[in-house]
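This report concerns only the one structure given below.
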Amino acid sequence: MEKMVEDLNTATQFWVSCLISFNNVSASLQALSTCKAWFILEMHKSRSVRSFSSSKTGPFILFNATAKPLPEGGNIGEVVVFDMAKAELLELTEKTIPGEIVSAKGLGASKGWGIFSDPQDRCVLITDFMNPWSCKSNPKLFTLPPLTPLPLCQTDVVWSVAMSSCPDDDQDWVVGIKSLGDQLSFCRPRRDLRWTKIQTPRGHFPTSNLMYSKRDGRFYLPALGGHHLLSYDLHLDKPEFHELQFRDFPESLEPELDLSELISSSSRTEHLVESPSGDERFLIKWYANSCLASKKVSYETQLFMVFREEETTEGRLMCYTDDIGDLCIFISKGEAFCVPASSFPGLQPNSIYFIGFGFGVHDLTTRTTTTLQGPKDSLDQVLVPYWFPPSSS
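One point on numbering: in UniProt numbering, the residue at position 216 of the sequence shown is 216, and numbering is uninterrupted.
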């Protein structure tokens, strides 16, 4: 129990610092200098896009944005994203940026959309302005009512978000928000703007990362340690609990109990992700080491453990694997997702791309991690430290 509390405190300290750095979007919208130079240097090339011809990006990071007010009202600026597959910056010029977003606090990202909170009235804002191929003159913006806390809960700090679909795709579009602590909130904007509030079992899901399964039509939360799942069916009133059993640990890796003792200074987060087809689901345990440097706590990814879910008569088995085939998994504080590497030349198959505990790529075959380096504090200046899925016109 003491070890669990220690892990929770360490993970919470790191991710809250990430959330704080993402909270003030207006500050990040003011500068574009040193970070941009880093990626041009490190990733070879950049291109400026003024007209939106048919094209697509691979998985990308919203790297930076600048905005200036127009005399007639509104804001126009430049949005800069980094395409991981092409290893290039994409500069989107003369793009309209919603005024509400300039001063908003970031909450998270899902399905290529950013989710924010208005600092004045605390309304939840959902926009696609960071999408390279969204309408540059009129990005979409949805406004949802403010989150309100249940007794003994809080909603000021949002831990993770997930959506059932893009707002354009589904009349039954659902937005899920997991607050730090024990509250889970859902809203169906096209049906009812009120939030449905659920209190999760106290202490079991405080820093759980929410995901939506298209295959099951459910939202899932992995419990601390990853040994249980909480699922919420949109057509049922109560959440369900699922116990997970772990199998097939390789001889070269110790069972998790011993592993936790060996990595005494590590922090761990759990992420559930589904393949694009929905045929496969994986639980990823992400371990990172903390160290104190220049009076700041920094974190470095130490290892990943990936478990493929198998449905059996014994229940849900999570079987260790170092082979996810052609897939790449993208993990950050946004909703995790998978893409086939063969669809995006330049991506490395059977790998995990990550941003959060450092920034890099982990090869599951060789169990090696390559860290992408930049100048001092460059990652601190990334506008939103989340991966966004591929985008096309």
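Positions of the beta carbon are idealized from the N, C-alpha and C atoms, including for glycine.
- The beta carbon of Pro98 lies closer than 7 Å to those of Thr127, Phe129, Pro139 and Leu141 in the same chain, with the five residues before and after it left out.
- Annotation for Ile76: no alpha helix (DSSP H) segment contains it, though the beta strand (DSSP E) segment containing it runs Asn75 to Asp83.
- Residues Leu244 of the same chain have their beta carbon placed closer than 6 Å to that of His227, with the five preceding and five following residues left out of the count.
- At the C-beta level, Gly106 and Gly114 come within 8 Å of one another.
- Between Met211 and Ala336 the beta-carbon gap is near 7 Å, inside 8 Å, which marks them as a contact.
- In this chain, the alpha helix (DSSP H) harbouring Val102 covers Gly99 to Val102.
- Taking the C-beta atoms as reference points, Phe307 is found nearer than 8 Å to Leu283.
- Inter-residue distance for Ser343 and Ala288 is about 30 Å (C-alpha atoms, whole angstroms).
- In this structure, the alpha-carbon of Ser160 lies about 7 Å from that of Ser179.
- Contact check for Lys68 against Gly346 fails: the beta carbons are separated by 8 Å or more.
- In the DSSP assignment, Ala67 is bridged to Gly77.
- Judged by beta-carbon spacing, His235 lies beyond the 8 Å limit of Phe304, meaning their Cβ atoms are not closer than that value.
- With respect to the 8 Å criterion, Glu274 and Arg268 are not classified as neighbours on the basis of their beta carbons.
- Under DSSP, Glu94 shares a beta bridge with no residue.
- Taking 8 Å as the cut-off, the Cβ atoms of Asn350 and Gly334 do not count as close.
- In the DSSP assignment, Gln183 falls within the beta strand (DSSP E) that extends over Gln183 to Arg188.
- Excluding residues up to 5 positions away in sequence, Gln245, Arg247 and Glu310 lie with their Cβ nearer than 6 Å to the Cβ of Leu317 in the same chain.
- By the criterion of a C-beta distance shorter than 8 Å, Gln154 is surrounded in its chain by Ser179, Leu180, Gly181 and Gln183, once the five residues flanking it on both sides are discounted.
- The C-beta of Thr301 has 16 or more other C-beta atoms within 10 Å across all chains shown, which makes the residue buried.
- Bounds of the beta strand (DSSP E) holding Glu240 are Glu240 to Arg247.
- Note: Pro222 is bridge-paired with Leu229 in the DSSP secondary-structure output.
- Pairing Asp83 with Phe63 gives a Cβ-Cβ distance that is not under 8 Å.
- Scanning its chain for C-beta atoms nearer than 8 Å, with the 5 sequence neighbours on each side dropped, one finds around Lys56 the residues Trp133, Pro390, Ser391, Ser392 and Ser393, in chain order.
- Excluding five sequence positions before and after Gly74, the CB atoms of its chain that fall closer than 7 Å to its own CB belong to Thr96 and Gly99, given in chain order.
- The beta carbon of Arg202 lies closer than 6 Å to those of Asp182 in the same chain, with the five residues before and after it left out.
- The C-alpha of Cys338 is placed about 18 Å away from the C-alpha of Arg218.
- Comparing C-alpha distances from Ser110 to each of Arg122, Ser165 and Pro145 shows the shortest one belongs to Ser165.
- Annotation: Gly225 to Val124 spans about 30 Å, alpha carbon to alpha carbon.
- Apart from the 5 residues on each side of it in sequence, His242 sits with its Cβ closer than 7 Å to the Cβ of His228, Leu229, Ser231 and Arg316 in its chain, given in chain order.
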